[in-house]
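The listed protein sequences derive, respectively, from chains W and S.
According to the numbering used here, the first sequence holds residues 1 to 156 in order.
According to the numbering used here, the second sequence holds residues 1001 to 1288 in order.
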Amino acid sequence: MRLSFTVNGHEMKADEVWAGESLLYVLRERMGMPGSKNACEQGECGSCTVYLDGVAVCSCLVAAGQAQGRDVRTVEGLATGDDLHPVQQAFLDAGAVQCGFCTPGLLVAAHDLLRRNGEPTDPEIREALAGNLCRCTGYEKILDAVRLAADRMRAS
Amino acid sequence: MEFLQPTTWRQALEAKSANPKAVPIQGGTDVMVELNFDRHRPPALLDLSQIEELGRWEQTDGTVRIGAAVSYTRTITELGDRLPGLAMAARTVGSPQIRNRGTVAGNLGAASPAGDSHPALLATDAVVEVESVRGVRQVPVASFYAGVKRSVLEPDELIRATLVPVATGPQQYCKIGTRNAMVIAVAAFGLALHPDRRRVGTGIGSAAPTPRRARDAEAYVGEALDAGGYWDTREPIPDTVATRFGDLVAAASSPIDDVRGSARYRQHALSVMARRALLWAWNEFREG
């Protein structure tokens, strides 16, 4: 089947998509957008988190055909040109990135939290990131990064 | 594999009738896992996500009719005030990303004994609205489950909505798992006080081949509260009654030993959850 939908503001197309393919597969393998990571393929790890029509979802659990005509925003769409989004800068500054595989999903999940809640409590941060697994950092630096991003976003 | 994408409910029913082996997909949180791991290769996917009306809910008199595409997140934010037990269950589902996509109707369609919605639906006497080109059926949720991951849905039927009575009293939901998020229940329990009918509703999850009510426990506590005049006096429930209630809930289950827990642990957990849920709900009723 042939698909077209918007990714980070650009109209994208894919041909010969198999009916059982996930949105994640189409993004990575057919559209050259490898930012969203493929790890568990069952919604457990959150590394493939993207926005679908403004809602944070695991792109491995969206059938590609379900994205037809819709709006997708991936981790590649968080920065503005060369300017990192405050959430991305905070992850760098706080040392919240080690191997980096979980980072794209965590960035989108943290971004989603902070646009809904500018001053999250620690339990709220933990709840918002509960669907994103990191096996390197022990999460403490990630929590630091989200707090730092929240502070900076409130200050600006 | 075909990808069927109706834009109206009528088209969806016709597509299901013409392709009874097509697997309906909405949030995809169960269906896509099966496909990604090549566990299941159906001849067609029937995508319901383009049908706008499925994403609506409406309240008529004392019942909320929840369209099949209403997500858990929306169940929590939009219906938590009138359906507290179902909202509590929804909060225990997966993670934010999963709750943004998964639906109560999808939970019913999958009919897993561990589905998080079921105990809350059982405790509140919910009804499943199913439809085919042949017509509409309203199936009480207690009669909906037919076995492990099986329901009474006919091959040409689709779930249109879930009908849940607006709470008339406090409701509770408890779930045991190894962590707080992304976890399949080891055992779960839903409870609803129905002061209008002087009844207590129950639902057991993850502790039998299907979700089920604890009917003897409901009858026992109903009689005990009635006989003691508790619905009128709102006096504290004696511990002996709450403990007996918990034991009867555990006795209503028929769990297995598996990787998530032993049968014995599940029954113990159920007796504790049921006792606590009853006391929590009753205390709220007393204060209300």
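All residues carry an ideal CB built from backbone N, CA and C; glycine is no exception.
Given the structure is predicted, the values throughout are model-derived calculations rather than measurements.
Inset, instruction - Count the CB pairs spanning the region 1086 to 1096 of chain S and the region 1048 to 1060 of chain S that are closer than 8 Å, and state whether there are at least three. - result: no
Inset, instruction - Would you mind giving the Cβ-Cβ distance between W/G105 and W/G46, rounded to the nearest angstrom? I have them listed as a contact below 8 Å. - result: Numbered from its first residue, the first sequence carries residue 105 of chain W at position 105. Numbered from its first residue, the first sequence carries residue 46 of chain W at position 46. Rounded, the Cβ-Cβ distance is 4 Å, consistent with contact.
Legend entry - Any chain W beta carbon closer than 8 Å to S/S1095: If you number the second sequence from 1, residue 1095 of chain S lands on position 95. With 8 Å as the cut-off, S/S1095 counts as an interface residue toward chain W.
Legend entry - Beta-carbon proximity of W/L129 to W/A109, cut-off 8 Å: Taking the first sequence and counting its residues from 1, the one referred to as residue 129 of chain W is at position 129. Taking the first sequence and counting its residues from 1, the one referred to as residue 109 of chain W is at position 109. Yes, these two residues count as a Cβ contact at 8 Å.
Legend entry - is_contact[S/M1088, chain W] using C-beta, thresh 8 Å: Working through the second sequence from its first residue, we reach residue 1088 of chain S at position 88. It does not: the Cβ of S/M1088 has no partner Cβ on chain W nearer than 8 Å.
Legend entry - Whole runs of the beta strand (DSSP E) within the region 77 to 119 of chain W, excluding any shorter than 3 residues: none
Inset, instruction - Return yes when the Cβ of S/M1032 is within less than 8 Å of the Cβ of W/S22, no when it is not. - result: Numbered from 1 along the first sequence, position 22 holds the residue referred to as residue 22 of chain W. Numbered from 1 along the second sequence, position 32 holds the residue referred to as residue 1032 of chain S. Yes, the Cβ-Cβ distance between W/S22 and S/M1032 is below 8 Å.
Inset, instruction - Assuming S/I1181 contacts W/G95 (C-beta within less than 8 Å), just tell me the rounded distance between them. - result: What you label residue 1181 of chain S is simply residue 181 of the second sequence in a count that begins at 1. What you label residue 95 of chain W is simply residue 95 of the first sequence in a count that begins at 1. Looking at the sequence provided, one finds Ala at residue 1181 of chain S rather than Ile. Contact flag wrong, Cβ pair sits at about 24 Å.
Inset, instruction - Kindly list, in the order they appear in chain S, the residues whose Cβ is closer than 8 Å to that of W/C102. - result: Position 102 of the first sequence, counting from 1, holds the residue named residue 102 of chain W. In chain order: nothing, as chain S lies at least about 13 Å away.
Legend entry - Beta carbon proximity, S/G1028 to chain W, threshold 8 Å: Taking the second sequence and counting its residues from 1, the one referred to as residue 1028 of chain S is at position 28. At least one chain W Cβ lies under 8 Å of S/G1028.
Inset, instruction - Report yes if the CB atom of S/S1271 is closer than 8 Å to the CB atom of S/A1242, and no otherwise. - result: Stepping through the second sequence from its first residue, residue 1271 of chain S is reached at position 271. Stepping through the second sequence from its first residue, residue 1242 of chain S is reached at position 242. No, these two residues do not count as a Cβ contact at 8 Å.
Legend entry - Neighbour-count burial assignment, S/Q1171, 16 or more Cβ in a 10 Å radius: Locating residue 1171 of chain S in the second sequence gives position 171, where the first residue counts as 1. S/Q1171 should be labelled buried.
Legend entry - Endpoints, the beta strand (DSSP E) within which S/Q1059 is located: As a first step, residue 1059 of chain S is located in the second sequence; it is residue number 59 there, counting from the start. First-last of the beta strand (DSSP E) with S/Q1059: W1057 to T1060.
Legend entry - Proximal residues of chain S, C-beta to C-beta of W/R94 below 9 Å: Translated into positions along the first sequence, residue 94 of chain W becomes position 94. One point to set straight first is that residue 94 of chain W is Ala, not Arg, in the sequence displayed. Result: empty, since nearest Cβ-Cβ is about 21 Å, beyond 9 Å.
Inset, instruction - Tell me, please, whether the CB atom of W/S156 is closer than 8 Å to any CB atom in chain S? - result: Here residue 156 of chain W is taken as the residue at index 156 of the first sequence, counted from 1. Not an interface residue.
Legend entry - Proximity test, Cβ basis, 8 Å: S/I1076 and chain W: Indexing the second sequence from 1 puts residue 1076 of chain S at position 76. Taking Cβ atoms only, chain W never reaches closer than 8 Å to S/I1076, which makes this a no.
Inset, instruction - Determine the direct distance from the alpha carbon of S/R1213 to that of S/I1076, and round the result to whole angstroms. - result: If you number the second sequence from 1, residue 1076 of chain S lands on position 76. If you number the second sequence from 1, residue 1213 of chain S lands on position 213. If you take the alpha carbons of S/I1076 and S/R1213, they lie about 23 Å apart.
Inset, instruction - Could you spell out where the beta strand (DSSP E) holding S/H1118 opens and where it closes? - result: The residue labelled residue 1118 of chain S in the question sits at position 118 within the second sequence. First-last for S/H1118: H1118 to A1123, but that is the alpha helix (DSSP H), not the beta strand (DSSP E).
Legend entry - the region 1006 to 1021 of chain S in contact with the region 27 to 44 of chain W per 3-pair CB rule at 8 Å: no
Inset, instruction - Please determine, among W/S59, W/T80 and W/L52, the residue with the shortest C-alpha to C-alpha distance to W/E44. - result: In the first sequence, residue 44 of chain W corresponds to position 44, counting from 1. Closest by alpha carbon: W/S59.
Inset, instruction - Using a Cβ-Cβ cut-off of 8 Å, state whether W/G35 counts as contacting chain S. - result: In the first sequence, the residue the question calls residue 35 of chain W occupies position 35. Closer than 8 Å: no.
Inset, instruction - With a 10 Å radius around its C-beta and 16 neighbouring C-beta atoms as the bar for buried, classify W/A14 as buried or exposed. - result: Here the question's residue 14 of chain W lines up with position 14 in the first sequence. So W/A14 counts as buried.
Inset, instruction - Flag this pair as yes or no: are the beta carbons of S/I1237 and S/L1279 separated by less than 8 Å? - result: Your numbering for residue 1237 of chain S matches position 237 in the second sequence. Your numbering for residue 1279 of chain S matches position 279 in the second sequence. Yes, the Cβ-Cβ distance between S/I1237 and S/L1279 is below 8 Å.
Inset, instruction - Could you tell me whether the Cβ of S/S1049 comes closer than 8 Å to any Cβ of chain W? - result: Position 49 of the second sequence, counting from 1, holds the residue named residue 1049 of chain S. With 8 Å as the cut-off, S/S1049 counts as an interface residue toward chain W.
Inset, instruction - Identify the continuous alpha helix (DSSP H) that holds S/L1248 and give its terminal residues. - result: Against the second sequence, residue 1248 of chain S aligns to sequence position 248. Where S/L1248 is concerned, the enclosing alpha helix (DSSP H) stretches over D1239 to A1252.
Legend entry - Top-ranked residue by Cα proximity to S/V1141, from S/A1188, S/G1246 and S/H1118: Here residue 1141 of chain S is taken as the residue at index 141 of the second sequence, counted from 1. Of the candidates S/A1188, S/G1246 and S/H1118, the one whose C-alpha sits nearest the C-alpha of S/V1141 is S/H1118.
Inset, instruction - Would you verify that the beta carbon of W/L106 is, or is not, closer than 8 Å to some beta carbon of chain S? - result: As a working mapping, residue 106 of chain W is identified with position 106 in the first sequence. Taking Cβ atoms only, chain S never reaches closer than 8 Å to W/L106, which makes this a no.
Inset, instruction - List the residues of chain S whose Cβ lies closer than 9 Å to the Cβ of W/E41, in chain order. - result: As a first step, residue 41 of chain W is located in the first sequence; it is residue number 41 there, counting from the start. In chain order: M1032, V1033, N1036 and F1037.
Legend entry - Below-8 Å beta-carbon distance, W/Q66 vs any chain S residue: In the first sequence, counting from the first residue as 1, residue 66 of chain W sits at position 66. Closer than 8 Å to some Cβ of chain S, the Cβ of W/Q66 qualifies, so yes.
Inset, instruction - Give a yes or no on whether 8 Å exceeds the smallest Cβ distance from S/F1003 to chain W. - result: On the second sequence, residue 1003 of chain S is found 3 positions in, with the first residue counted as 1. Taking Cβ atoms only, chain W reaches closer than 8 Å to S/F1003, which makes this a yes.
Inset, instruction - Give a yes or no on whether 8 Å exceeds the smallest Cβ distance from S/A1114 to chain W. - result: Locating residue 1114 of chain S in the second sequence gives position 114, where the first residue counts as 1. S/A1114 does not count as touching chain W.
Legend entry - Neighbour-count burial assignment, W/P86, 16 or more Cβ in a 10 Å radius: For this step, residue 86 of chain W is matched to residue 86 along the first sequence. Classification for W/P86: buried.
Inset, instruction - Enumerate, from N- to C-terminal direction, the unbroken alpha helix (DSSP H) stretches of 4 or more residues contained entirely within the region 1124 to 1153 of chain S. - result: none
Legend entry - Proximal chain W residues relative to S/I1025, where beta-carbon distance stays under 8 Å: By 1-based counting over the second sequence, the position of residue 1025 of chain S is 25. Those within 8 Å of S/I1025 in chain W are A63 and Q66.
Inset, instruction - At 8 Å on the CB atoms, spell out the chain S contacts of W/M1, in chain order. - result: Stepping through the first sequence from its first residue, residue 1 of chain W is reached at position 1. Those are F1003, listed as they occur along chain S.
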